Ligand code: ADP
Ligand code: GN1
Ligand code: MG
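Numbering (this note's numbering), first residue to last: 1 to 359.
Structure, rendered in structure tokens:
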């Protein structure tokens with residue numbers, strides 16, 4: 001495939017002369033595009049349409065969210081909007097994505113002099129908390145049904161457990177026997193990890209617009225460590241606020257890697273958690289309910305448990321969802337996530353007590 005042919009379908013101000021792979025996401029493929037003079041100017045992404053099946057809905061969600069955020073930034077008098085919000089470019093026929101008969105493509109401006117991190121310091125974590133708090137705040141007046149679910153039931157734990165049960169029933173790769181211990185651990189926690197769906201049915205927990213992929217590397221910082229913007233908007237959709245606190249704790253407050261082969265490195269980093277919670281609550285305390293606030297540390301356990309279940313489901317299914325880099329990668333990821341869950345469980349009281357100051 002000739003990657004340099006794709007930008008020709010878009011209305012770009014400058015001609016693209018080179019492309020280089022970018023990022024390490026598990027779902028989409030990303031390239032940095034260079035223009036004449038050697039400057040990186042655009043970001044090209046191939047949307048994984050096996051996972052995001054409704055590309056129209058996906059791109060329409062992203063347009064609504066970026067327009068809403070741009071309007072808020074303008075109201076605030078922000079000058080540098082193209083570094084504070086993503087800007088997607090239109091195709092020659094005025095669409096937000098290009099279909100080449102096989103794949104779906106989109107292009108946005110590369111935010112100059114920006115960087116993302118895979119692990120962070122307490123100071124960056126505090127800024128990240130403020131960034132996601134502000135993201136929620138800016139979207140808090142958008143009616144929840146304005147956006148569709150780009151992946152139905154994406155962070156619904158009951159649904160993820162049903163998918164897990166289906167994988168166990170089918171056992172298509174014959175791997176179930178080998179992971180009996182982990183299956184037992186998941187079963188033990190299943191009921192306690194479905195509280196949010198129960199509270200929703202009882203009318204005690206509401207849905208809001210969430211990012212649903214609050215990984216550390218989905219925030220761009222400038223050279224001085226200030227937040228520029230939140231990126232990777234594919235999964236922005238209605239959901240529970242626990243998701244966004246939870247996924248940051250899972251990815252930012254881990255002393256090891258998401259797939260660490262040395263489990264002794266994997267622990268919750270309480271300083272990162274506290275700094276994030278501080279930054280987040282400074283922005284979000286005004287609109288969250290006491291129930292939502294009290295459950296934020298539980299969100300960390302929930303999202304880590306959910307990711308354990310999702311990685312193990314994919315391993316049992318024979319690695320059909322996440323990109324893997326070696327044959328047992330999903331199992332290694334599962335074990336590392338489970339170790340993090342155990343560490344979060346050991347620190348649950350300390351985390352709950354820290355959050356109580358905002359209730
Ligand atoms: P993925 O779904 O693969 O995680 P992302 O949209 O998060 O895709 O992009 C992957 C990485 O590329 C990000 O972590 C970030 O480092 C970089 N990136 C993405 N978009 C931009 C942008 N507009 N400007 C600068 N860097 C970007
Ligand atoms: C995927 O796109 P990426 O790699 O940031 C996944 C998340 C998981 C994450 C695990 C659409 O995110 O839900 O938490 O991998 N995205 C999708 O690292 O499934
Ligand atoms: Mg990303």
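Heads up, the beta-carbon is just placed ideally off N, CA and C, and yes, glycines get one too.
What you are looking at is a predicted structure, and each value in this text was computed from that prediction instead of being measured.
Smallest Cα separation from residue i: which of the options?
| i | options | result |
| --- | --- | --- |
| residue 339 | 268, 129 and 144 | 268 |
| residue 244 | 145, 298 and 160 | 298 |
| residue 271 | 103, 121 and 54 | 121 |
| residue 87 | 108, 26, 232 and 288 | 108 |
| residue 278 | 134, 150, 190 and 261 | 134 |
| residue 97 | 124, 54 and 74 | 54 |
| residue 89 | 202, 353, 110 and 328 | 110 |
| residue 13 | 189, 30 and 91 | 91 |
| residue 161 | 21, 296, 75 and 183 | 183 |
| residue 146 | 310, 15, 209 and 127 | 209 |
| residue 301 | 254, 30 and 314 | 254 |
| residue 201 | 188, 211, 158 and 172 | 158 |
| residue 28 | 10, 22, 48 and 257 | 48 |
| residue 289 | 94, 203 and 101 | 203 |
Given a cut-off of 8 Å, decide if residue j and residue i are closer than it, judged by their beta-carbon atoms.
| i | j | result |
| --- | --- | --- |
| residue 43 | residue 32 | yes |
| residue 139 | residue 65 | yes |
| residue 312 | residue 179 | yes |
| residue 35 | residue 117 | no |
| residue 291 | residue 344 | no |
| residue 207 | residue 144 | yes |
| residue 83 | residue 233 | no |
| residue 247 | residue 332 | no |
| residue 323 | residue 50 | no |
| residue 125 | residue 294 | no |
| residue 128 | residue 276 | yes |
| residue 52 | residue 151 | yes |
| residue 257 | residue 358 | no |
| residue 318 | residue 237 | no |
Ends of the alpha helix (DSSP H) at residue i?
| i | result |
| --- | --- |
| residue 163 | 157 to 170 |
| residue 8 | That residue, residue 8, is in no alpha helix (DSSP H); it is neither H nor E in DSSP. |
| residue 106 | Run containing residue 106: none in the alpha helix (DSSP H); it sits in the beta strand (DSSP E), 104 to 109. |
| residue 404 | For residue 404 there is no data in the structure shown, the boundaries of the chain being 1 and 359. |
| residue 265 | Neither: residue 265 is in no alpha helix (DSSP H) and is coded neither H nor E. |
| residue 175 | Residue 175 -> no alpha helix (DSSP H), and no H or E assigned at all. |
| residue 217 | Careful: residue 217 lies outside any alpha helix (DSSP H) and carries neither H nor E. |
| residue 341 | 329 to 346 |
Starting from residue i, trace the beta strand (DSSP E) in both directions and tell me its first and last residue.
| i | result |
| --- | --- |
| residue 153 | Unbroken run through residue 153: none, as it is neither H nor E. |
| residue 19 | 16 to 21 |
| residue 41 | 40 to 47 |
| residue 238 | 237 to 239 |
| residue 301 | Not the beta strand (DSSP E): residue 301 falls in the alpha helix (DSSP H), residues 296 to 316. |
| residue 147 | Taken as a continuous stretch (DSSP letters only), residue 147 belongs to no beta strand (DSSP E), as it is neither H nor E. |
| residue 30 | 29 to 35 |
| residue 249 | From DSSP, residue 249 is part of no beta strand (DSSP E) but of the alpha helix (DSSP H) over 242 to 252. |
| residue 199 | From DSSP, residue 199 is part of no beta strand (DSSP E) but of the alpha helix (DSSP H) over 195 to 201. |
| residue 359 | It is not in any beta strand (DSSP E) - residue 359 carries neither H nor E in the DSSP assignment. |
Express the C-alpha separation of residue j and residue i in angstroms, rounding to a whole number.
| i | j | result |
| --- | --- | --- |
| residue 61 | residue 45 | 16 Å |
| residue 186 | residue 308 | 8 Å |
| residue 165 | residue 41 | 45 Å |
| residue 350 | residue 24 | 33 Å |
| residue 196 | residue 223 | 38 Å |
| residue 79 | residue 167 | 50 Å |
| residue 241 | residue 37 | 44 Å |
| residue 235 | residue 58 | 8 Å |
| residue 221 | residue 119 | 13 Å |
| residue 7 | residue 193 | 44 Å |
| residue 4 | residue 273 | 42 Å |
| residue 304 | residue 337 | 6 Å |
| residue 68 | residue 174 | 48 Å |
| residue 266 | residue 115 | 24 Å |
| residue 85 | residue 137 | 15 Å |
| residue 250 | residue 176 | 25 Å |
| residue 141 | residue 239 | 15 Å |
| residue 155 | residue 283 | 23 Å |
| residue 356 | residue 316 | 39 Å |
| residue 280 | residue 213 | 16 Å |
| residue 306 | residue 191 | 13 Å |
| residue 320 | residue 172 | 11 Å |
| residue 334 | residue 188 | 16 Å |
| residue 346 | residue 153 | 29 Å |
| residue 261 | residue 105 | 34 Å |
| residue 123 | residue 15 | 39 Å |
| residue 330 | residue 75 | 45 Å |
Does the beta-carbon of residue i, which I'm using as the reference point, lie nearer than 7 Å to any heavy atom of ligand 5?
| i | result |
| --- | --- |
| residue 259 | Ligands displayed in this structure: ligand 1, ligand 2 and ligand 3; ligand 5 is not among them. |
For residue i, decide whether its Cβ has a neighbour in chain C, counting only Cβ atoms nearer than 8 Å.
| i | result |
| --- | --- |
| residue 166 | No chain C appears in this structure, which consists of one protein chain only. |
Which parts of the segment 63 to 135 are runs of the beta strand (DSSP E), unbroken and 3 residues or longer, counting only runs that do not cross its ends?
104 to 109
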